[in-house]
Structure formats: C-alpha cells, structure tokens
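Asker: Numbering that gives the first Met the number 0 applies: residue 0 is where the sequence shown begins, and numbers increase by one.
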Amino acid sequence: MSEKIKLIGDYLGTIEEFVPCEGTYSDDGKIYASNIGKAVLDQENHIARIEAKMPSEMKVGQVIFGDVMGMRKNTVTVIARKIQGIKGDIDVKTGLYVSNIAKNYVEKPEDFFGIGDIIKAKVLKIEHGLIDITTKEDDFGVVKAFCKRCRYPLEKADDQNRLTCPSCGHRENRKLSKDFGNVETI
Ligand SMILES: [Zn+2]
C-alpha cells in the first residue's frame with residue numbers, strides 16, 4: 000500500500016488495478032483524484048481512494064487566496080492556499096476561465112495576471128472535482144504582484160490598475176483586487 004499526497008486530477012491508476020472509491024473519479028479507464036489528500040492505493044483489496052483532509056470544506060461562494068501557477072489561452076491555473084475565514088493552509092488546484100477574469104472582454108490572461116501573483120477569488124462552481132473560480136467582481140483579483148522583469152513586489156502607481164516596480168521601474172497591468180497591497184501574508 001502506498002500513500003502519497005495527491006492533488007485534484009492527479010493520476011492514481013487504472014480501473015483494471017483498482018476500484019475507484021471515495022475522493023476519486025474514473026475517466027476512460029483511468030482513475031484520478033477528485034479531492035486533495037493522501038492517496039491510498041490498496042493493492043490487496045484493489046481499492047483506490049483519497050483520504051481528504053480539507054477541501055471537502057471548499058464550497059461555492061467561498062473566497063479563496065491562491066497563487067497563479069500557469070496561464071494558457073483560455074485558463075489561468077491557480078493553486079488555492081487559503082479559504083477566507085477558515086484556519087489552515089490548503090493546496091487545491093483551481094481554474095479561472097478567461098471569461099471569468101473581468102467584466103470587460105479579456106483577450107489574453109497575461110494582460111491581467113503574472114505567474115507567482117497572489118490573487119483573491121470566489122469559488123464559482125465545483126463539478127467532477129474541478130473547481131472554477133472568478134475574479135470578475137471589483138473585490139477580486141491580484142492582491143500581490145511581482146515584477147515580470149525582476150520579480151520584485153510591485154506597487155500601485157497613481158492611476159487605476161497600473162503597477163510599478165520600485166526596483167527596476169517596469170510598469171505593468173493587472174486585474175487588481177480592491178485589497179491589493181492590504182493582504183499581509185497568504
Ligand atoms: Zn522590476
């Protein structure tokens with residue numbers, strides 16, 4: 000029996016090897032984690048399940064803080080680290096679709112976020128172990144940003160949604176939360 004922490008969507012095995020149980024889902028003969036937690040792959044009883052610690056607590060409407068980990072044409076991948084009002088750290092993969100970034104039309108997520116930025120977002124939908132978040136409302140967006148050129152934390156310039164790097168002077172745009180700069184550590 001092996002036990003390892005898995006993230007949502009992580010591959011666990013095949014349905015020939017295991018019966019997909021609690022905290023898992025199967026797709027095309029393969030078993031994946033639908034929750035975050037310790038993977039229990041019981042070879043003897045042929046059972047694959049996830050012993051979830053936290054994110055069953057994650058609910059639609061909750062406010063999360065997370066790190067921007069990746070950006071594709073249509074989606075921003077954000078690892079949720081905290082749920083507002085709930086103690087403890089989490090480590091849950093969520094997706095922010097381009098249409099849920101801002102009220103206005105967004106062509107490229109890169110114009111609104113940077114890798115490593117910390118964002119505040121709301122849980123929009125939880126389905127098949129996939130968590131969709133939104134930053135559309137003014138309250139949500141980037142709370143801490145880092146210079147794309149030198150990685151120094153950016154500061155708010157005078158005008159709206161413009162940030163400036165105190166270290167190298169680079170100017171950048173973000174979809175800012177009203178809380179930008181006011182969130183201590185996540
Ligand atoms: Zn810089």
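All C-beta atoms in this analysis are idealised placements derived from N, C-alpha and C, irrespective of residue type, glycine included. Model, not experiment: these values are computed from the prediction.
Report the start-end ranges of each beta strand (DSSP E) in the stretch 15 to 100 that is 3 residues or longer and not cut off at the edges.
Answerer: As far as the stretch 15 to 100 is concerned, its whole beta strand (DSSP E) runs of at least 3 residues are 23 to 26, 29 to 32, 36 to 41, 46 to 51, 62 to 70, 74 to 82 and 91 to 96.
Asker: Closer than 8 Å by C-beta to R170: which residues in its own chain qualify, once you throw out the five before and the five after it? Chain order, please.
Answerer: If we look at R170 and ignore the five residues flanking it on each side, its Cβ neighbours are A156, R161, L162, T163 and C164.
Asker: Would you tell me roughly how many angstroms separate the C-alpha atoms of M53 and N181, rounded to the nearest one?
Answerer: Confidence in M53 is poor, its pLDDT being 49 and thus under 50, which makes the residue's placement unreliable; the coordinate value appears in the next sentence. Taking the straight line joining both Cα atoms gives about 26 Å.
Asker: A11 and L40: beta carbons closer than 8 Å?
Answerer: A quick correction: the sequence has Leu, not Ala, at residue 11. A contact, by the Cβ cut-off of 8 Å.
Asker: Could you check the C-alpha separation between E16 and V142 for me, to the nearest Å?
Answerer: Their backbone Cα atoms lie some 44 Å apart in a straight line.
Asker: Going by the beta-carbon positions, is the gap between V122 and L95 smaller than 8 Å?
Answerer: No, the Cβ-Cβ distance between V122 and L95 is not below 8 Å.
Asker: Roughly how many angstroms separate the alpha carbons of V91 and Q159, rounded to a whole number?
Answerer: Rounded to whole angstroms, V91 to Q159 spans 31 Å at the Cα level.
Asker: Out of curiosity, what's the CA-to-CA distance linking Q61 and G115?
Answerer: The straight-line gap from Cα to Cα measures roughly 22 Å.
Asker: For D131, does the three-state DSSP call read helix, strand or coil?
Answerer: DSSP places D131 in strand when its eight states are reduced to three.
Asker: Given this structure, state the Cα-to-Cα distance separating N99 from A47, to the nearest angstrom.
Answerer: So the two alpha carbons sit approximately 34 Å from each other.
Asker: Look at the alpha carbon of P19 and the alpha carbon of H45, and state the distance between them as a whole number of angstroms.
Answerer: Those two C-alpha atoms are separated by around 9 Å.
Asker: At a cut-off of 7 Å, would you count R170 as near ligand 1, judging by its Cβ distance to the nearest heavy atom?
Answerer: No, the Cβ of R170 stays beyond 7 Å of every heavy atom of ligand 1.
Asker: Are the CB atoms of T23 and I49 within a distance shorter than 8 Å?
Answerer: Against a cut-off of 8 Å, the Cβ pair of T23 and I49 comes out as a contact.
Asker: Would you identify the three-state DSSP class for P152, choosing helix, strand or coil?
Answerer: Three-state result, P152: strand.
Asker: Go to A144, then tell me how far its beta strand (DSSP E) extends in each direction, as first and last residue.
Answerer: Run containing A144: none; DSSP gives neither H nor E here.
Asker: Quick check on the DSSP output: the beta strand (DSSP E) that includes R229 runs from which residue to which?
Answerer: This structure does not reach residue 229, given that the chain is present from 0 up to 185, and the question cannot be answered.
Asker: Which first and last residues belong to the beta strand (DSSP E) in which V122 is found?
Answerer: Looking at the DSSP string, the run of the beta strand (DSSP E) that includes V122 is I117 to E126.
Asker: Can you tell me which of S33, K174 and E21 puts its alpha carbon nearest to the alpha carbon of F112?
Answerer: Of the candidates S33, K174 and E21, the one whose C-alpha sits nearest the C-alpha of F112 is K174.
Asker: Does the pairing of the stretch 99 to 110 with the stretch 70 to 87 give three or more beta-carbon distances under 8 Å?
Answerer: Yes, the stretch 99 to 110 is in contact with the stretch 70 to 87.
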